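One structure is given below, encoded as structure tokens.
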Amino acid sequence: MNILVVYDSKTGNTEKMAKAVAKGAQETGAKIVLKRAENVKNQDFEDADGILMGSPTYFGQMSAKLKHIIDDSIGVHTRLTGKVGGAFTSSGGTATGPAGMRRTW
Ligand SMILES: Cc1cc2nc3c(=O)[nH]c(=O)nc-3n(C[C@H](O)[C@H](O)[C@H](O)COP(=O)(O)O)c2cc1C
Numbered sequence: 001m002n003i004l005v006v007y008d009s010k011t012g013n014t015e016k017m018a019k020a021v022a023k024g025a026q027e028t029g030a031k032i033v034l035k036r037a038e039n040v041k042n043q044d045f046e047d048a049d050g051i052l053m054g055s056p057t058y059f060g061q062m063s064a065k066l067k068h069i070i071d072d073s074i075g076v077h078t079r080l081t082g083k084v085g086g087a088f089t090s091s092g093g094t095a096t097g098p099a100g101m102r103r104t105w
């Protein structure tokens, strides 16, 4: 079982989560590939049986770097059918997005 853990992180919070996620997945006996978003190639998605993606919350959404690799995966997305996926995020507050910014920032 091959698991790809891909993440974006500027100040390290999501990176810490990605490493914890990778460690947990490794404990199941899976082979782990841990990569920052900018280092991921479509081949990495194809090679994985499971794909876990982590992003900081930016204005209530995923970061542009993570969205970019998802958009770039259009060339292989028909070959990703049947794979298992998961996602995680770190944020600065309990409220997110433009409405929450008034309270959290
Ligand atoms: C451009 C930008 C937008 C953000 N937007 C939100 C937001 O909408 N809600 C929130 O709770 N935190 C927001 N944050 C805080 C980050 O989500 C939080 O600090 C996160 O843990 C950063 O992850 P990182 O350390 O992996 O970069 C924002 C931070 C930045 C830089």
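In terms of the numbering used here, the sequence shown opens at residue 1 and continues consecutively. C-beta: ideal position from N, C-alpha, C; glycine also. Computed from a predicted structure; not experimentally measured.
- If you check the CB distance, phenylalanine 88 and glycine 60 do not come in under 8 Å.
- Taking 8 Å as the cut-off, the Cβ atoms of valine 33 and leucine 4 count as close.
- Relative to ligand 1, glutamate 46 has its C-beta separated by 7 Å or more from all heavy atoms.
- Around the beta carbon of aspartate 8, a 10 Å sphere encloses 16 or more other beta carbons of the protein chains shown; the residue is thus reported as buried.
- Of Lys19, Lys16, Ser73, the smallest CA-CA separation from valine 40 is found for Ser73.
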